[in-house]
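One structure is given here, and the rest of the page talks about it.
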Amino acid sequence: MVKYSTIAAVIASVLISAAPAYAQSIEIGPNGIQVNPDGERRMMRERRPDRGEISERRAARIARDEGMDEVETIARRRGVFVVRGIDRRDNDMRVVIDRLTGDVLEVR
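FYI, in mature numbering (1 follows the signal peptide of the UniProt record, and there is no 0) the residues of the sequence shown are -23 to -1, 1 to 85.
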């Protein structure tokens, strides 16, 4: 009887010590809740180094400073943000902003 309980204790300790090796992390972000099987490694791999560019929020602020009343979409193109929306007179408006410097390149 002691032999079976000893074997059971050894098996239980092996299984308990192996459980943390199979742990997964959960990432809650703009795309919803995602399970990361690799844990921290996957999240760090997807993260890009800071290039010194402005954020989408800053691009929306710049567009509002140019007269845009309501921001509809913000599109990220090669080197620019294209912000589309409506001005104070309910006319369609498009503002093109440089992603690195934040300079306004075009307003229509």
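We put the beta carbon where it would ideally sit given N, CA and C, even for glycine. Keep in mind that this is a model prediction, so the values were computed, not measured.
* Asked: What are the uninterrupted segments assigned as beta strand (DSSP E) that are 3 or more residues long and contained completely in the stretch 29 to 64, given in chain order?
  -> 45 to 53, 57 to 64
* Which one or two residues does DSSP pair with R71 in a beta bridge? -> Locating residue 71 in the sequence shown gives position 94, where the first residue counts as 1. Partner(s): R61.
* **Whole-angstrom distance between G79 and R35, CA atom to CA atom** => Here residue 35 corresponds to residue number 58 of the sequence shown, with the count starting at 1. Here residue 79 corresponds to residue number 102 of the sequence shown, with the count starting at 1. Taking the straight line from one Cα to the other gives about 8 angstroms.
* **Integer-rounded CB distance, given that D42 should sit under 8 angstroms from residue 100** => No statement about residue 100 is possible, as the shown extent of the chain runs from -23 to 85 and does not include it.
* To do: Whole angstroms is fine: what's the gap from L82's alpha carbon to V72's?
  => The residue given as residue 82 occupies position 105 in the sequence shown. The residue given as residue 72 occupies position 95 in the sequence shown. Those two C-alpha atoms are separated by around 8 angstroms.
* Would you decide whether V12 is buried or exposed? Buried here means 16 or more other CB atoms lie within 10 Å of its CB. => In the sequence shown, the residue the question calls residue 12 occupies position 35. With fewer than 16 other Cβ atoms within 10 Å, it is exposed.
* Asked: In whole angstroms, what is the alpha-carbon distance linking V57 and I3?
  -> As a first step, residue 57 is located in the sequence shown; it is residue number 80 there, counting from the start. As a first step, residue 3 is located in the sequence shown; it is residue number 26 there, counting from the start. Straight-line Cα distance between these residues: approximately 32 angstroms.
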